[in-house]
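Following: one structure in structure tokens, then a few remarks.
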Amino acid sequence: MYRITQCLSVGPFASSERAEKLLAAGVTHVLNVSDVPSHVAAGDNSFADVVWVPMSDSRRLAPATVIQAINALHELASAPGAHVYVHCVAGQIRSPTILWLYLMACGVPLQDARDWIEKRAKDAVAGHYRMVDREHVSLAQKHGSKYYLPHPRPDVIVPFPLSEDAEE
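Position in the sequence shown counted from 1, then plus 684, gives you my numbering.
What follows is the structure, encoded as structure tokens:
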């Protein structure tokens, strides 16, 4: 797990085996953007919510999928005290790309959002060329400025300190 902001993390698939570590690290919500259904569920002594927005990393995202994913992330991240883990299979393309789009939707400049992710998450590519282009960036920014700002939890867009980052 790689902490990107105070409340948002990315990483590989949230397997049943990994769930205990995620919960111990304070993760409360999970957004699965892989093409495989979740192996974790919401419930007592577990996550508050688990959402799956299936997508491929081998082709451009449909605009509707972008909106569905960033809306899901916004809803999860806006819950009081939420720490959202965004994952795909390897944590290298889909989850960093969706988090990147969401950060920009929340007003973080493109390069800052990319740097926050890529400096904290080993092997992550935020905004991978196979998945998104300038139109996706514009869509996320316009959608976010209309629906997400001001953010109900400003700590969602505060970068996690680099010196404290560690893979868990």
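We put the beta carbon where it would ideally sit given N, CA and C, even for glycine.
In angstroms, rounded to a whole number, what distance separates the CA positions of K826 and A789?
The sequence position of residue 826 within the sequence shown is 142, counting from 1. The sequence position of residue 789 within the sequence shown is 105, counting from 1. Roughly 7 Å between the two C-alpha positions.
Quick one: give me the first and last residue of the beta strand (DSSP E) that N716 is part of.
For the purposes of this step, residue 716 is taken as the residue at position 32 of the sequence shown. From DSSP, the beta strand (DSSP E) with N716 extends over H713 to N716.
Got a sec, what are the start and stop residues for the alpha helix (DSSP H) G828 sits in?
If you number the sequence shown from 1, residue 828 lands on position 144. R818 to Y831 is the extent of the alpha helix (DSSP H) around G828.
Which residues DSSP lists as bridging G695, in chain order:
Locating residue 695 in the sequence shown gives position 11, where the first residue counts as 1. Its beta-bridge partners are H771.
Euclidean distance between Cα positions of M739 and D817:
Mapped onto the sequence shown, residue 739 falls at position 55. Mapped onto the sequence shown, residue 817 falls at position 133. Roughly 16 Å between the two C-alpha positions.
What would DSSP say about E851, mapped onto helix, strand or coil?
Here residue 851 refers to the residue found at position 167 of the sequence shown. With a pLDDT of 48 at E851, under the threshold of 50, the modelled position of this residue cannot be trusted; read the value that follows with caution. Note: E851 maps to coil in three-state DSSP.
contact_flag[the stretch 763-771, the stretch 710-723] where n(CB pairs < 8 Å) is 3 or more
yes
Report the three-state DSSP secondary structure of V737 (helix, strand or coil).
By 1-based counting over the sequence shown, the position of residue 737 is 53. V737: coil per DSSP, three-state reduction.
Along the chain, where does the alpha helix (DSSP H) that runs through L760 open and close?
The residue you call residue 760 lines up with position 76 of the sequence shown. Run containing L760: P747 to S762, per the alpha helix (DSSP H) assignment.
Report the rounded CA-to-CA distance for I754 versus G695, giving the unit in angstroms.
If you number the sequence shown from 1, residue 754 lands on position 70. If you number the sequence shown from 1, residue 695 lands on position 11. Whole-angstrom Cα-Cα distance: 17 Å.
Whose C-beta lies closer than 6 Å to the C-beta of V737 among residues of the same chain, with five residues either side of it excluded?
Counting from one through the sequence shown, the residue named residue 737 turns up at place 53. Answer for V737: V717, Q752, A753 and A756, listed in chain order.
Span of the alpha helix (DSSP H), counted from its first residue to its last, around T781
On the sequence shown, residue 781 is found 97 positions in, with the first residue counted as 1. Its alpha helix (DSSP H) spans residues R778 to A789.
Here's a check: name, in chain order, each residue in its chain whose Cβ is nearer than 8 Å to the Cβ of A732, leaving out the five neighbours to either side.
Position 48 of the sequence shown, counted from the start, is the residue given in the question as residue 732. Once the five neighbours on either side are set aside, the close Cβ partners of A732 are T712, H713, A726, A763 and A766.
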